[in-house]
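Everything in the sequence shown is counted per the UniProt record's numbering, starting at 1 for the first residue and increasing by one.
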Amino acid sequence: PEWDTVTPEAKNLINQMLTINPAKRITADQALKHPWVCQRSTVASMVHRQETVECLRKFNARRKLKGAILTTLLVTRNFSGCKTVLNKKSDGVKKRKSSSSVCLMGSTESCNNAEEEEMKACKQEIIKMTEQLIEAINNGDFEAYTKICDPGLTSFEPEALGNLVEGMDFHKFYFENLLSKNSKPVHTTILNPHVHLIGEDAACIAYIRLTQYIDGQGRPRSCQSEETRVWHRRDAKWLNVHFHCSGAPATPLQ
């Protein structure tokens, strides 16, 4: 093999440069002071190694090709938003399949970071939609409320006395007879929201809803309820399909 004909000094320099431990690896300054570099006339071999030159050219070409492939993968992945691949099981439950398996070594960390950012953005979107829904309730805006909720919305809430309510008629009663007629300020704060992503098109959020309002005597009051809402994305739009409320009534009787 050609490696057997390489001078000991050259082998020594190469081995020091290829040391895995950075602390033990030779520095650029030390490499320039190595005998094979600074004493070429007496140490370096005068044999022209055409085969070595060709091997180096091929290695450099492969290195450039690998770099181009990695760059293309990263750009393509980031452009597509690092969408998670989902496989539907027979029972309808979607199984998350990590798309990082398509990443080559060197781009895995970037892919994971992109996926984490996508998940954070999705969770923030769920929190924002929940805030919009509660704002519609506070404003007594039934039309805005129906645009955010699924027509077959199901719910458990104190007003229903422990019964499962389905549809919008039950909620419409409160909008028409209480919420839309309220002229006093209402302020709601969502505390400790926790979002769980259930596949690509479903999510669940749990939070504490703290409501401030003015009672019939003009005194400021507060009430608290614990709520859980299930969201489903259809045609690129999130809809509230179910919620569970416990504690004080979600709609204070002012």
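Don't be surprised by glycine CBs; every beta carbon is placed ideally from N, CA and C.
Identify the residues that DSSP records as bridge partners of residue i: which are they?
i: Glu-226; result: Ile-208 and Ser-246
i: Cys-149; result: Asn-240
i: Thr-188; result: Thr-211
i: Val-37; result: Paired residues: none, contrary to the question.
i: Phe-59; result: The partner list for Phe-59 (beta bridge, DSSP) is empty, contrary to what the question assumes.
i: Thr-154; result: Glu-166 and His-242
i: Arg-234; result: Lys-237
Where does residue i land, buried or exposed, given buried means 16+ other C-beta within 10 angstroms?
i: Ala-114; result: buried
i: Gly-140; result: buried
i: residue 265; result: Given that the chain is displayed from residue 1 to residue 254, the structure contains no residue 265 and the question cannot be resolved.
i: residue 284; result: Past the edges of the chain, shown from 1 to 254, lies residue 284, and the structure says nothing about it.
i: Leu-161; result: exposed
With a CB to CB cut of under 7 Å and the five nearest residues on each side skipped, what residues in its chain are close to residue i?
i: Gly-247; result: Gln-224, Ser-225 and Glu-226
Using only alpha-carbon positions, find the residue among the options that is nearest to residue i.
i: Gly-218; options: Ala-203, Glu-200 and Pro-185; result: Pro-185
i: Glu-159; options: Leu-56, Met-129, Phe-142 and Tyr-174; result: Tyr-174
i: Cys-204; options: Phe-142, Arg-229, Ile-134 and Glu-143; result: Arg-229
i: Glu-157; options: Cys-122, Thr-5, Tyr-145 and Cys-245; result: Cys-245
Under 6 Å Cβ to Cβ from residue i, same chain only, skipping five residues before and after it: list those, please.
i: Glu-176; result: none
i: Leu-65; result: none
Which residues in the same chain as residue i place their Cβ atom closer than 8 Å to its Cβ, once the five residues preceding and following it in sequence are excluded?
i: Cys-38; result: Leu-32
i: Ile-208; result: Ile-190, Leu-191, Asn-192, Gln-224, Ser-225, Glu-226 and Glu-227
i: His-187; result: Asn-138, Thr-211, Gln-212 and Tyr-213
i: Met-119; result: Leu-197
i: Leu-239; result: Ile-148, Cys-149, Asp-150, Trp-231, His-232 and Arg-233
i: Met-17; result: Arg-25, Ile-26 and Ala-31
i: Met-129; result: Ile-148, Trp-231, Trp-238 and Asn-240
Should residue i be counted as a contact of the ligand ATP given a C-beta to heavy atom distance under 7 Å?
i: Glu-115; result: Ligands in the displayed structure: none, and consequently the ligand ATP is not present.
Stretch pair the stretch 193-202 + the stretch 154-172: three plus CB contacts closer than 8 Å: no
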